[in-house]
Amino acid sequence: MKNKIQELLEEVQQFNANALDDIEAFRIKFLGSKGIVKELFADFKQVEAASKKEIGQALNELRTQATEKVNALKSSSSPLNKQPKEEIDFTRPEQPVSLGARHPISIVKNQIIDVFSRIGFTVSEGPEIEDDWHNFTALNLPEYHPARDMQDTFFIEKDPDVLLRTHTSSVQVRYMEEHKPPIRTISPGRVFRNEDISARAHCIFHQVEGLYIDTDVSFADLKQTLLYFTKEMFGKSKIRLRPSYFPFTEPSAEVDIYWGLKTETDYRITKGTGWLEIMGCGMVDPNVLRNADIDPEKYSGFAFGMGIERIAMLLYQIPDIRMFYENDVRFLEQFKSVI
Ligand code: DAH
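Each residue of the sequence shown is one higher than the one before, counting from 6 in the working numbering.
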C-alpha cells in the first residue's frame, strides 16, 4: 500500500491541466466521493497496527497534495483563468460621459481676459473684503460721496473700515502700490452692493477693471483700446463716449456701443436708441496716482470698469440677472458647448 501511495503522490505532483475540465476530472478521480483517496482510507482499516502511523501519514499527505494541486490550478494566478470569458469589442463607444458646463460668468470673464491679454494686459486680483482706503479714499472718493452711503456698502461688524468691496477699482490701488509703471492690467472679480434684488440688479455681481499707466498716455489711447475691445468682444465697431463723472478719473466717460435696431430685442435692450452702455472709463485722476506714490507729472494713464453680468446678459440674451445665481441646471447646461 505504501508503494501505491508513493506512486499516486508522484502522479499528483506531475499533474498539469490544459483546461478547466481536466482539473475537474482530476479532482473527481482523487478527491471525489468514490475517488482514490476515499478508497484508500477505506482500505486503511485493514492495515496492520505497526504500519498504521506511517501509512496514515502518507495517506494524509496524498490527500493534502491533491487538494492543493486542484486549488493551485483553479486559482486566479493560473493561466487557465486568464482567458477572457467573453469577447470584448474594443471598438464600441464608451458609456456617454456627462460633461459639466462652464458658468456663463466664467465664459465671459475668460473672453474678456483673452481679448486684453492679446494686447499685453496682465490679470491681477485683490481681496473681496477691503478697507476704506483701497475701496474709497485712495480712489479720490470724498467722504460725502453717495457711493459711501450705508445703503450701497456692506460693512463688516459695524467697523466702517472693513467692508465688502463695492467695485474692482480697489484692485487698481493695490496694483499701483506694488507695481511701478508701465502698468497694463485687468482685474476681474466679485463685488457687493447693498441693493434690492431685481431682474436687472443684484447685491453680488462681477466686474472687470482695467488700468493702463505709462508716460504720454492720452485719451486717444483709451479710445483705441476700447474700440479694439468692442470689436473683438462684440464684433461691433461703432462706439461713443459720453461725458460722465467718476471720482477716480478726470475726464470721465461712459462708453456706449452701437448695437443696432434690427430686431425687436434690439429695440427693447437699447430702449429704441440702438445704443447700449457697457462701461465707465476715464483718465486716472492725478490724486489717485499720487495716493499710490506715482508721479502725475511723469506718468498718466486710463482706467475702465465694466460689469460681467451685463455683458453676459447681452451676449446670451439672458433676461434676468437672478438666473446667474440660481444654479438651475436647465439654465447652466445650455452653456455646455461653450469653452
Ligand atoms: N468703479 C466703477 C463702478 O463700479 C466703474 C468704473 C468707472 C471703473 C470708470 C473705472 C473707471 O476704472 O475709470 O461703477
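Even for Gly, the Cβ is constructed at its ideal location relative to N, Cα and C.
In the DSSP assignment, H211 falls outside any alpha helix (DSSP H) and lies within the beta strand (DSSP E) extending over I209 to D219.
Distances from the CB of C208 to the heavy atoms of the ligand DAH are all 6 Å or more.
In this structure, the ligand DAH has a non-hydrogen atom nearer than 6 Å to the beta-carbon of S174.
In this chain, E16 is not harboured by any beta strand (DSSP E); it is covered by the alpha helix (DSSP H) spanning K7 to Q19. Looking at the DSSP output, Y149 sits in no beta bridge, so it has no partner there.
About 6 Å separates the CB atoms of M288 and E255; that is less than 8 Å, so the two are in contact. Shortest gap from the CB of G287 to any heavy atom of the ligand DAH: under 6 Å.
E302 and Q177 have their alpha carbons spaced roughly 19 Å apart.
Using a 10 angstroms sphere on the CB of N23, the tally of other CB atoms stays under 16, which defines it as exposed.
When DSSP states are grouped into helix, strand and coil, L266 belongs to the coil group.
The continuous alpha helix (DSSP H) containing L78 extends over residues A54 to K79.
Close CB contacts of R68 within its chain, under the 6 Å cut and outside five residues either way in sequence, are with V42 (chain order). In the DSSP assignment, D333 falls outside any alpha helix (DSSP H), carrying neither H nor E. The C-beta distance from P252 to L146 rounds to 5 Å, short enough to meet the 8 Å contact threshold. As computed with DSSP, L168 is found in a beta bridge with E135 and F160.
A297 has its CB no nearer than 6 Å to any heavy atom of the ligand DAH. Secondary structure of L281 (DSSP, three-state): strand.
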